[in-house]
Amino acid sequence: MVDLSFFPYRPREGQVELIGFVQRAVKRGNVCINAPTGFGKTPCILAALLPIALSRGYKIMWAVRTGTETDRPIEELKVMNEYLGERVSGVSFRGKRDMCLLAKEMRSEMGYEEVAYLCKSKAKKCKYRDNLTHRVIEDLIGDTLLYSEVLKICTELQVCPYEVQRMLLPYADVIGLNYNYVIHEGLAWSIKRLVPFSRSLLVVDEAHNLQRAAASINSVKITIGTLKRCLKELERFAEVRARKAEKFVETLLGMFENILTKLRKSKEEDRIVNPASMLRALNRVWDIKEALSSISRYGHRIRKERLSSGKVPRSSLHRFALFLDGAISSVSEDGIAIVASRAGKSLEVEVWDMRAEELLRRRWRDFRSCIFCSGTLSPISAFAETVGLDSYTGRSFEMRFRRENIKTLITKDLSTEGEKLSKEMRERYLDAIGMFVKNNNTNLAVFTSSYRVQRSLLKGIEEISELYGRSLFVERKGMKGDESREILEEFKACSLRHAKGLLLAPMQGRFAEGADFPGEELEGIFLVGIPFDRMNNRTRAYLNYYTSLYGKEKGNLYAYVIPALKRASQALGRCLRSVHDRAVFVLGDRRYEARGFLEMLPKYIRETSIVGSSDQIDALSIE
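Quick note on my numbering: the sequence shown kicks off at 18 and runs consecutively.
1) Is Gly112 helix, strand or coil by DSSP?
2) Who are the near neighbours of Ser332 in its chain, counting only those whose CB is closer than 6 Å to its CB and skipping five residues on each side?
3) Assign Asp632 to one of two classes, buried (16 or more other C-beta atoms within 10 Å of its C-beta) or exposed (fewer than that).
4) Leu426: which of Phe110, Arg607 and Leu296 sits nearest, CA to CA?
5) Please state whether the Cβ-Cβ distance between Ala65 and Ile36 is less than 7 Å.
6) For Pro366 versus Ile239, is the C-beta distance shorter than 7 Å?
7) Span of the beta strand (DSSP E) holding Ala70?
8) By how many angstroms is the C-alpha of Glu103 removed from the C-alpha of Val96?
9) State the CB to CB distance for the pair Leu186 and Asn197, rounded to an integer number of angstroms; the pair is presumed to be in contact (CB under 8 Å).
10) Hey, which unbroken runs of the beta strand (DSSP E) at 3 residues or more fall wholly within the segment 201-244?
11) Hey, would you say Tyr575 sits closer than 7 Å to Tyr559, going by beta carbons?
12) Note down the Cα distance separating Ala338 from Gly242, rounded to an integer number of angstroms.
13) Is Cys247 helix, strand or coil when you go by DSSP?
14) Is it buried or exposed for Gln175, if we count other Cβ within 10 angstroms and need 16 for buried?
15) Tell me, please, which residues DSSP counts as bridged to Gly107.
16) For Ser313, which residues of its own chain have a beta-carbon under 6 Å away from its beta-carbon, when the five flanking residues on both sides are left out?
17) On the criterion of 16 or more Cβ atoms from any shown chain inside 10 Å, does Lys362 qualify as buried, or is it exposed?
18) Does DSSP classify Lys76 as helix, strand or coil?
19) Which of the three DSSP states is assigned to Trp369 in this structure?
20) For a test of the three-state rule: what should DSSP assign to Ile547, helix, strand or coil?
21) Would Leu280 and Arg359 be called neighbours here (beta carbons separated by less than 7 Å)?
22) Here's the rule: buried if 16 or more other CB atoms are within 10 angstroms of the residue's CB, otherwise exposed. What is Glu122?
23) So the beta strand (DSSP E) Cys511 belongs to, where does it begin and stop?
24) Please give the ranges of any beta strand (DSSP E) in the segment 340-399, keeping only runs that are unbroken, at least 3 residues long and fully inside the region.
25) To which residues of the same chain is Glu263 closer than 7 Å at the C-beta, ignoring the five residues directly before and after it?
26) Looking at the strands, I want to know which residues DSSP matches up with Asp287.
27) Quick one, which of Arg124, Gly107 and Tyr134 has its alpha-carbon nearest Lys113's?
28) Across which residues does DSSP place Ile423 in a beta bridge pair?
29) Across the segment 160-168 and the segment 129-147, are there enough close Cβ pairs to call them in contact, namely three or more that are closer than 8 Å?
30) So, does the segment 464-482 touch the segment 515-528, judging by three or more C-beta pairs under 8 Å?
31) Figure out for me which residue from Lys509, Ser466, Ile547 and Gly531 has the closest Cα to the Cα of Glu537.
32) Taking the alpha helix (DSSP H) that Gly451 falls in, what are its first and last residues?
33) With three or more beta-carbon pairs closer than 8 Å as the criterion, would you say the segment 416-434 touches the segment 622-630?
34) Leaving out five residues before and five after Ile504 in sequence, what residues of the same chain have Cβ atoms less than 6 Å from its Cβ?
35) I need the DSSP call for Leu35, collapsed to helix, strand or coil.
36) Are the CB atoms of Pro68 and Asp115 within a distance shorter than 7 Å?
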């Protein structure tokens, strides 16, 4: 018997089936769900789990990729409470960077580390903490609170928002939080003290991002500029030890500059640095562990001095100490590499942790049950193996779109295959995109396989948009969140105007995955190529590591093929959000029709696709 008591909507096709599946499967253990965007996964899974969690005294922890998404389960919980007249409590939990009022007073851009240091240093003298009383918490217990609501209440009361939300965790039935608070050992510890994981049901939303999230946790980057700033910081100190530190930094700086020179001569993008060789050379200058200790202390002193002067507590020496610590670990650990990459005129060097399965496996065992969901979790068996999931019940759910509303063409004469897009292929793509824009007077997107391909097409697409009276919006590398949101809103608004919008963005970017375009906000997508990782030394190291874990065939599939086709599927999923939506798709690369590739794309693509030349785009339009 399916318990629908918490589901506040009229169920659509497949939703009752999904709720019942979750309620049965979660009692046996872990659950994997693949269901397309627009299916209603969030309310279905939440409604399925609430009767179980409330009856057994479990918490529901809902982990998401970004801070802005932590509100989503709490928004649905508010709807359910209103529907039932219940008061199931919940809180959207954000990090100190979003919640610290002292940091906001400084009006400077600060990362997590700087804000954490500020909070730790000022904890005993923080007026917002001093103002916090148990009465404030008591008044909020039992409420269902979004991030913005917690922040507003606490700002008005002049109390610490971070501490308030933290103290509410033991009383919340549902908690929305970032992945890092689950998979990062240090951050998870702060949550576990208040909410026992063993008494919690964990939902991991957009779970296809887990490999990337795990890799970012222990990875740390520095540049040639970082080391030059380290030397500047060391000038402040007169002691002999500081001169030893300078020589140590100068030695590594020389190594980095030598690598950059070699990369320029060879025209390579990157190279793998041998950590043992690097550390041996540094050890000849100063004992590595002694150097790490001293550099770390100098970094702390710099941060302390800056904070006492009212400045952001930032230090390049502190950053260098983190890098050095990671480099030392990489010598004894398989799956950690040091990658040196060209970054403009400089060099970026990263301690890169590839051990997703190893890092994640032990975390899932901490929870009562884990539920993983995404629109691109398929193939589920591959996902489960790469994130260290030993046992699970998995299932894919589909939305039934109207086939007459979808047109899909896979072009057999286009491809971004190879190191560089030839002039001839570039012109073919531009001709095809021109036909696509001319024939579809609606909001359209061109998603490219990389920023490199996007740059080669940009001038031609600017000319196409001008020729057909379209407003062009371009995602740039390193674009700030506020700017991207503004572009997104402007693009969406074009659906109501005479001059429709044309969005140009890479499939690895934020618009191809994180954005929603319901109804007429986006009705056509052109994929330029397949977004494989560029075959550089970093990618080869990743492939080699995965081959060592899973063998050659699976290693290539898990590390290279599946991530690319998931990016493509995510981009395609921007168009169709409901059964009534219309869409025209051009998959501009002949490799999409290859056996195995097409099978990994969404069902609506598989069922509606035809293979033909790019000339056939001339007859492809939304009616």
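Cβ atoms here follow ideal geometry from the backbone N, Cα and C, with glycine treated the same way.
Concretely, from the data shown:
1) For Gly112, the three-state secondary structure derived from DSSP is coil.
2) If we look at Ser332 and ignore the five residues flanking it on each side, its Cβ neighbours are Gly316, Ile319 and Arg320.
3) Here Asp632 is exposed: its Cβ has fewer than 16 other Cβ atoms, across all protein chains shown, within 10 Å.
4) Answer by Cα proximity: Arg607.
5) Yes.
6) It should be noted that the sequence gives Val, not Pro, for residue 366. The criterion of a C-beta distance shorter than 7 Å is satisfied by Val366 and Ile239.
7) Counting along the chain, no beta strand (DSSP E) covers Ala70; the unbroken alpha helix (DSSP H) around it starts and ends at Lys58 to Arg73.
8) Their backbone Cα atoms lie some 10 Å apart in a straight line.
9) Contact between Leu186 and Asn197 is absent: CB atoms are separated by about 15 Å, not below the 8 Å threshold.
10) Those beta strand (DSSP E) runs which fall completely within the segment 201-244 and span 3+ residues are 217-221 and 237-240.
11) No, the pair does not count as a contact, with Cβ atoms beyond the cut-off.
12) Distance between the alpha carbons of Ala338 and Gly242: 15 Å.
13) Helix at Cys247.
14) Exposed is the call here.
15) Answer is Thr161 and Val191, bridged to Gly107.
16) Counting only Cβ-Cβ distances below 6 Å, and skipping sequence neighbours, we find Ala338.
17) With fewer than 16 other Cβ atoms from the protein chains shown falling within 10 Å of its own Cβ, Lys362 counts as exposed.
18) DSSP places Lys76 in strand when its eight states are reduced to three.
19) It is a strand residue.
20) If DSSP states are grouped into helix, strand and coil, Ile547 belongs with coil.
21) Yes, Cβ-Cβ distance for Leu280 and Arg359 is below 7 Å.
22) Exposed is the label assigned to Glu122, since fewer than 16 other Cβ atoms lie within 10 Å of its Cβ.
23) Where Cys511 is concerned, there is no enclosing beta strand (DSSP E), given that its DSSP letter is neither H nor E.
24) Within the segment 340-399, the runs of beta strand (DSSP E) at least 3 residues long that lie entirely inside it are, in chain order, 353-360, 363-370 and 386-391.
25) Answer for Glu263: Leu248 and Leu251, listed in chain order.
26) Per DSSP, the beta bridge partners of Asp287 are Ser358.
27) Minimum Cα distance to Lys113 is reached at Tyr134.
28) Ala600, per the DSSP bridge assignment.
29) Segments in contact, no.
30) Verdict: yes, contact present.
31) For the residues Lys509, Ser466, Ile547 and Gly531, the minimum Cα distance to Glu537 belongs to Lys509.
32) Here the alpha helix (DSSP H) through Gly451 covers Lys440 to Asn456.
33) Three or more pairs of CB atoms, one per stretch, sit closer than 8 Å, so the segment 416-434 contacts the segment 622-630.
34) Within its own chain, the residues whose Cβ lies closer than 6 Å to the Cβ of Ile504, once the five positions on either side in sequence are excluded, are Phe490, listed in chain order.
35) Annotated three-state conformation of Leu35 is helix, per DSSP.
36) With respect to the 7 Å criterion, Asp115 and Pro68 are not classified as neighbours on the basis of their beta carbons.
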